[in-house]
Amino acid sequence: MALEEIKAVPPFITLEGGEGVGKSTQQHMLVRRARGLGLSVVGTREPGATQLGASVRDLLTTPGHDHPGQRSELFLYLADRAQHVERVIAPALEGGQVVICDRFADSSEVYQGRARGLGVEWVRRLNRWACGEVWPDLTILLDLEPGLGLRRVNKRQGELGLTTDRLENEGLEFHRQVRQGFLDQAAAEPTRIKVVDASMPQDEVALAVWALAEPLLKEFKRLTA
Ligand code: TMP
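So the mapping is simple: the working numbering equals the position in the sequence shown, first residue as 1, plus 5.
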């Protein structure tokens, strides 16, 4: 169905934050709750949601000798995103489905633009070009002190017998830059980006996330009823 044929454009919601903030868990809970309203919802993530993206994710996250340089890294994330938008997100929105995505464009602006030092404005321009018309209506930033987040990641990986990935292995200062980058973005775009304290127990974080997303989802449901 073309966008103009449906009464309202479905919300596109993203979750963002540093390592170990609990994004994936919160994304799954939010998708379930949104479906509970009777909405058709696509839950997705970056990097790695498409077939091409899965290969890109391996290149990006696996520690190794021939790891991507800073500019290559940015273009790999952008390639993953362009494919994701074209193959998954835009078709879902055009088909009237809500999209809830674990990480999106803000991650590149913060990790590559800010923490890697490539320049937030420059990355934003490339992001806009990679995403076309698609941009989040609501971004929920799960904020957590990075030392705590990294300890959570190490604990989880240890329990699963896995090693940490290439970006998780960056030093604490890198992850402090990431946290501050996200907070600065939220301060610059307070209408779109809402901050939730991710140090709270999981269920309380979920309630705070739901309180932000529910009005948008219910409004969409009302318009399409
Ligand atoms: P994940 O841990 O949320 O699965 O994300 C994988 C890693 O990729 C994480 O360390 C953050 C990083 N990342 C970027 O650096 N730039 C991006 O644009 C995205 C989407 C993720």
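No residue lacks a Cβ here, since even glycine has one placed at the ideal position from N, Cα and C.
_Asp107 - containing beta strand (DSSP E), residue span_ = First-last of the beta strand (DSSP E) with Asp107: Val103 to Asp107.
*asked:* Under 6 angstroms: does the beta carbon of Ser113 sit that close to some heavy atom of the ligand TMP?
replied: yes
_At the level of alpha carbons, what is the spacing between Glu224 and Asp71?_
A straight line joining the alpha-carbon of Glu224 with that of Asp71 spans about 48 angstroms.
*State yes or no: is the C-beta of Leu172 nearer than 6 angstroms to some heavy atom of the ligand TMP?*
yes
*Have a look at Arg161, Ala230, Ala192 and Gln162 and flag the residue whose alpha-carbon is nearest the alpha-carbon of Ile145.*
Ala192 is the residue among Arg161, Ala230, Ala192 and Gln162 whose C-alpha sits nearest the C-alpha of Ile145.
*Measure from the C-beta of Pro206 to each C-beta in chain B and report whether the shortest distance is under 7 angstroms.*
Looking at the structure shown, chain B is missing, and only one protein chain is on hand.
*Segments of 4+ residues assigned as alpha helix (DSSP H) that fall wholly inside the region 139 to 170*: 151 to 165
_Between the CA atoms of Glu51 and Val222 - distance to the nearest angstrom_ = The residue asked about is misnamed: residue 222 is Leu in this sequence, not Val. Each residue's Cα considered, the two are about 22 angstroms apart.
*Along the chain, where does the beta strand (DSSP E) that runs through Gly48 open and close?*
Val46 to Arg50
*Could you tell me which residues DSSP pairs with Thr66 in its beta bridges?*
In the DSSP assignment, Thr66 is bridged to no other residue.
_Straight-line gap, Gly58 to Lys199 (C-alpha atoms, nearest Å)_ = Gly58 and Lys199: Cα-Cα distance of roughly 27 angstroms.
*Can you give the Cα-Cα distance for Gly122 and Val201, rounded to whole angstroms?*
The alpha-carbon atoms of Gly122 and Val201 are separated by roughly 26 angstroms.
*Is Asp202 helix, strand or coil by DSSP?*
strand
*If you draw a straight line from the C-alpha of Ala110 to the C-alpha of Arg129, how long is it?*
8 angstroms
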